[in-house]
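Chains as they are written, first to last, in numbering that gives the first Met the number 0: chain L, 0 to 390; chain V, 0 to 741.
For every residue, glycine included, the Cβ atom is placed at its ideal position computed from N, Cα and C.
These figures come from a predicted structure and were not determined experimentally.
Report on the following structure.
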Amino acid sequence: MNNRDLIKPDSNFTKEVIGLGGESLKKCFQCSTCSVVCTLSPDDKPFPRKEMLWAQWGLKDRLLGDPDIWLCHQCNDCTVHCPRDAGPGNVLAALRNYSFGHYANPAFLGKAFRNPKYLPLLLLFPVVLFLILLGATGNLTIPEGEIVFEHFMPHIILDPVFLVLTGLIFVIVAMSLSRFWRDMKKSTGSPKSSITDIISGSAISKLIEFLQHKKFYECGSSRIRMLSHMAIFYGCMSFALVTASVFIGTYTVGLELPMAQYHPLKIIANLGAIAVITGCLLIIVRRLSAGKATGNSSYLDWNLVILILIVTSLGILTEVLRLADLATAAYVLYFIHLVLVFYGIAYFPYSKLAHILYRSLAILYADSNNMGGKKTLSPKPRKIRDSEIEI
Amino acid sequence: MDKKLGVYICGGCSIGDSLDLDKVSEVATKEYKVEICKTHPFLCGKEGAQLIAKDIEDGVNTVVIAACSPRAQQEIFSYDSGVVLERVNLREHVVWSHTPQDENTQMLAEDYLRMGLAKAQKVFPAEPYQEAIDKTILVVGGGISGMTSAVEAAKAGYEVCLVEKSPSLGGWMSKLYKQYPKHPPYQQLEDTGIEAKIKEVEGNPRIKVFTGAEIEKTSGAPGMFDVLVKQNGNQTSLRIGSIIQATGFRPYEANNLDHLGFGKYPDVITNFQMEELAQQGKIKRPSDGKEVESVAFIQCAGQRDENHLPYCSSFCCLTSLKQALYVTEKNTDASVYILYKDIRTPAQYEDFYKRVQEEQAVFFTKGEVEGISEGGGCLTVEVEDTLLGEKIGINADLVVLAVGIVPNSMPEEAKKATAEAESSGEKCEEAAERAADSGFYASPALQLKYRQGPELPTLKYGFPDSHFICFPYETRRTGIYSTGCVRQPEDSATCIDDATGAALKAIQCVEQSSKGMAVHPRTWDQTYPDLFMQRCTQCKRCTEECPFGMYDEDEKFNPLPNPTRCRRCAICMGSCPERIISFKDYSVDIISSMLKAVEVPEEDEEKPRVIAFLCENDAYPALDVAGINRLTYNPYVRVIPVRCLGSINIVWIADALSKGIDGIIMIGCNYGDDYQCHFIKGSELANYRMEKVQETLQRLVLESERIEVWQLSISEYDKLPKIFDDFLETIERVGPNPYKDF
């Protein structure tokens, strides 16, 4: 017996996946209905049947290096049709949530992030950091006169902080992704796996597919979910665009803040905010009206959508307060807004937001190795011959 | 008894519109000189029924009713046992399936009346055999099934004797640590509760328990069995009405499973041994007494494998699920692997399967076990074709083989060639030539002094032969019912249901026997075979061919009938070359008379005649259904119902052909391993005999195509018209019977 074939189940891993939202995974009895109903699952080595078994047996290495868990867009057709109520969609979601904490260093941060108990502690860090910064620059008081956030929290202080943070996160993410890449290679044993191969191969077409939300669209059962995801995604993209433009603008052409309300960047940012808030509200309503098709909502799921909603709402609210000239409230909310933005960026590698990278990478990997092959849809049912039925 | 016939012809249900009833009446009045022949437009109405009742009061003792099928309106047309009733089927078999107002249809109706009259003249009321009086029920086997049967029969007011081989009651159930849940919500293991059952049996004054006892000899027949029980060297003689055999099972011999490491590694054990381990507290492996941390269960260890047990043993999946909980409950750190072919947890037991699935440390996979090896202080199980899609290895401290069960009726080794037929005094060599189902193959339990062997005849896999679909408790020995795991693999809950059913059958048997009625399936029948012994040639065909072992033999090979063993199928009547076996309402002569009553038109009329012998159980009602559905077929067929195809005596074939009948078709039930014959062997015997009938045809210089034998189930009624019409085509091709004009 080859040692490699020896199976050693890890029931602690199973327990963690159960805790992250895959609570019904033990119910699976491997009928494979999930793989049949899934519109994204390929004909060859289809998911999520095999992932269900691996999860039951606690075969952590196979699961974490499995690109298939990222090919799922969680339409939950599998969960709806599961005759055993094993919730394959929820299990894959839980596995994805597990992956963030697993791949991102330092590991304790990952563990802390997915445990709501540590939320206050994690929030306390940026609060203290910003208070120190404010204290050190003598800005611990509410500035007099017209409300200009630059007076309260000068960019000269903020920018380095966020630049350093982003740089750090970039390193952590790069390390995480390279570990993820290595695991995919190990568990699938695919020959074609050099990054350049892959990026030169299908990156562009996949990017277009993604911008169109094409896979989301193929999961036909939840159009509203696709729309809300699109709203949030493009809203956030507008924030990124505006932030970058402002950053460059202030240091090059001496852009004055606050911008006028009719400034094109302002308009883009405000429209983006409306899109994001609408998207978040749609998602929240959908998650609250919980049904099988929605899937379980774990702490990590709520964490992300609520964070985005609050950060965006606070942004808009501070803008309104500023225009209303309510100084104290505006500065306090702005402070909270900044703390939450920091939270979002600092803990990005451990949060569900990181799916944007893992999923992209997994899709590229699977595509270049012909793993996410097409599914033959609506196959004609084959008549079972009597000789095939064993009594 | 002087015959006084009354013929009543009904005109209802379109019979009157389709036929010339005056001409039909003339058959009775002119040809058969019947004085009382009445036609009524609505015979099953109040007035019609009164008409017949009045005539019976006035002395009519043989009633011929030409109306609907004998299967219809049975409540209305039923009379005292002293009145002979013959029904002529003018509705389903004539007017509903043939052209109205047609010459051929008219001829068909008239022929049926002739046949009915010919029969009615020769039928006499039954004189029931009422010698059997004892109603004590003997239960053999004191496991859960036997004890349940005993308690249920006693509760119904019957005396019960319970014989158990081992020193105490309880059977396999008393060897279990716990049982899997038998009550909603099917989540928790339960105590077996066997002690309470034993107390119930021992405390019941109607039940006499013999433990450590065996049956030395069983002779006699239902209602009058004489059973000799040996206990502690003492013999007790019991008079018994009917018998329930609940002798259970034994585990499949695990030594045959060396490919799974049994016997090679001490830590490979069976599920039965696992119960013993669990009873000793912590589960420790046999080799070194280490508490087990991982256990692999191998399901279907021999079951569903042609080389071992070809069948599913029904409870081994549930047993392993239960034992998985033994492991996890006694050691929360232990892991359990269940390697299965399919998990089979029927009905509500699915809930228990779900419950065990939820266990964190229980891992399931389908797979084929390739082999087991030892090394590194544990066993390694290699599994192929797993759900993981690859070959895997699993390390386990203990491997449990979920072995299946073998009915105790299966002999430990094939003693076929040396079995001795004590009851008939046959020599060993002769016994060796017996058929495989002769009962000589079974392990000793009842020690019957029957001519056909000492035990219940077995069918597949050593289980007692029974009609699995329709009459599962019936065996091929009337008044002896098998139940529990000796009958089929089943779990204790099913055993309890099963044993209750068997108790009911045993009660039915003693009650029917005491009234002189057949037990099954002809439960109304009070006739029984009457043998005209002066002409017997001791050919032994009746004693050998009776599927129920009704006949014993004396030292000169004369048949000795035991009427309460008889099911009234008349297979013996069909077998007898001397035609000496008759029933009051069914005999070689009666059917021959019916054949002779058929009018055969001359050859130039081009109206062929075919006789169809139809099994009363399936084919005849199927033809009724064809009529009800207004399916039509040619009017040249004359149907004669028979109790079983096996009751057809070859002489009828000769009689019919020499009279000028052009062809004979016989339609009975399916035979073979999944037979549907109500009398087990009848259909098969008929087929066998018709192969031999070719000699008769050759003697008469006739074509073999003139005889056909068909198998049909009751649901295939729609095939009958085509069978008849195709046969008529064959007959037309072969040409008319040359004996017609003689």
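Specify, as a first and last residue, the run of the alpha helix (DSSP H) that residue i falls within.
i                      : result
residue 18 of chain L  : 10-18
residue 314 of chain L : 298-323
residue 105 of chain V : 102-121
residue 120 of chain L : 118-135
residue 511 of chain V : 491-513
residue 214 of chain L : 213-217
residue 96 of chain L  : 87-102
residue 32 of chain L  : 32-36
Cutting at 8 Å between CB atoms, please list the residues of its own chain near residue i, excluding the five before and the five after it.
i                      : result
residue 293 of chain L : 75, 285 and 286
residue 41 of chain V  : 9, 10, 11 and 47
residue 658 of chain V : 594, 595, 597, 599 and 738
residue 396 of chain V : 266, 284, 289, 291, 292, 293, 294, 377 and 378
residue 424 of chain V : Confidence at residue 424 of chain V is low in this model, with a pLDDT of 49, below 50, so the placement of that residue is unreliable and no value is reported for it.
residue 168 of chain L : 344, 345, 347 and 348
residue 421 of chain V : Because the pLDDT at residue 421 of chain V is just 46, under 50, the model does not fix this residue reliably, and the value given afterwards should be weighed accordingly. Around residue 421 of chain V: 448 and 453.
residue 308 of chain L : 275, 276, 279, 280 and 283
With a threshold of 6 Å on Cβ separation, who are the neighbours of residue i within its own chain once the five nearest residues in sequence on each side are excluded?
i                      : result
residue 237 of chain L : 267 and 271
residue 729 of chain V : 704
residue 365 of chain V : 339 and 386
residue 122 of chain V : 83 and 584
residue 512 of chain V : 131, 221, 222 and 563
residue 85 of chain V  : 63, 115, 118 and 119
Just to confirm my understanding: we take residue i, look at its own chain, exclude 5 residues before and 5 after, and list those with CB closer than 7 Å. What are they?
i                      : result
residue 435 of chain V : With a pLDDT of only 49 at residue 435 of chain V, under the threshold of 50, the placement of this residue in the model should not be trusted; the figure read from the coordinates follows. Answer for residue 435 of chain V: no residue qualifies.
residue 38 of chain V  : 8, 10, 20 and 24
residue 361 of chain V : 323, 327, 335, 337 and 355
residue 219 of chain V : 225
residue 102 of chain L : 175, 178 and 179
residue 727 of chain V : 607, 609, 633 and 635
residue 55 of chain L  : 13, 24, 25 and 27
residue 335 of chain L : 313
residue 224 of chain L : 285
Please list the terminal residues of the continuous beta strand (DSSP E) segment that includes residue i.
i                      : result
residue 56 of chain L  : Unbroken run through residue 56 of chain L is the alpha helix (DSSP H), 48-56; no beta strand (DSSP E).
residue 709 of chain V : 706-710
residue 295 of chain V : 293-300
residue 84 of chain V  : 83-88
Got a sec: does the ligand MN put a non-hydrogen atom nearer than 7 Å to the Cβ of residue i?
i                      : result
residue 366 of chain L : Annotation note on the ligand MN: not contained in the displayed structure, which lists no ligands.
What does DSSP give as the partner residue(s) for residue i in the beta ladder?
i                      : result
residue 9 of chain V   : V/39
residue 250 of chain V : V/404
residue 324 of chain V : Answer is none; residue 324 of chain V lacks a bridge partner.
residue 216 of chain V : V/227
residue 370 of chain V : V/381
residue 164 of chain V : Partner(s): none; residue 164 of chain V has no beta bridge.
residue 4 of chain V   : V/61
residue 457 of chain V : V/463
residue 45 of chain L  : Residue 45 of chain L is not bridged to any residue.
residue 392 of chain V : L/5 and V/381
If we define contact as Cβ-Cβ less than 8 Å, is residue i a contact residue for chain A?
i                      : result
residue 647 of chain V : Going by chain labels, chain A is absent from the structure shown, which instead holds the protein chains L and V.
Item checked: Interface residues of the region 374-398 of chain V facing chain L [CB-CB below 8 Å] -> 379, 381, 386, 387, 388, 389, 390, 391, 392, 393 and 394
Notebook entry, point to check: Which runs of the alpha helix (DSSP H) fall wholly inside the region 14-69 of chain V and span at least 4 residues, in chain order?
Noted result: 14-17, 20-25 and 45-56
Check: Which residues, in chain order, does the region 353-366 of chain V contribute to contact with chain L at a C-beta distance below 9 Å?
Finding: Taking 9 Å as the Cβ-Cβ cut-off against chain L, the residues of the region 353-366 of chain V that qualify are 353, 356, 357, 358, 359, 360, 361, 362, 363, 364 and 365.
Next item on the list: Could you name the residues of the region 6-17 of chain L whose beta carbon sits closer than 7 Å to any beta carbon of chain V, in the order they occur along the chain?
Entry: 6, 8, 10, 13 and 14
Next item on the list: May I ask you to list, following chain order, the residues of the region 322-350 of chain V that have a beta carbon less than 7 Å from some beta carbon of chain L?
Entry: 334
Item checked: beta strand (DSSP E) segments (min. 3 residues) lying fully within the region 656-697 of chain V -> 662-667
Item checked: Near-chain V residues of the region 44-74 of chain L (beta-carbon distance less than 7 Å), N- to C-terminal order -> 49, 52, 55 and 56
Notebook entry, point to check: Of all the beta strand (DSSP E) runs that stay within the bounds of the region 525-608 of chain V, which reach a length of 3 or more residues?
Noted result: 550-552 and 558-560
Notebook entry, point to check: Which parts of the region 224-290 of chain V are runs of the beta strand (DSSP E), unbroken and 3 residues or longer, counting only runs that do not cross its ends?
Noted result: 233-239, 241-244, 248-250 and 267-269
Margin query: Which runs of the alpha helix (DSSP H) at least 4 residues long sit entirely within the region 238-284 of chain L? Give them in chain order.
Written below: none
Checklist line | Ranges of the beta strand (DSSP E) found wholly within the region 306-352 of chain V, counting only runs of at least 3 | finding: 334-339
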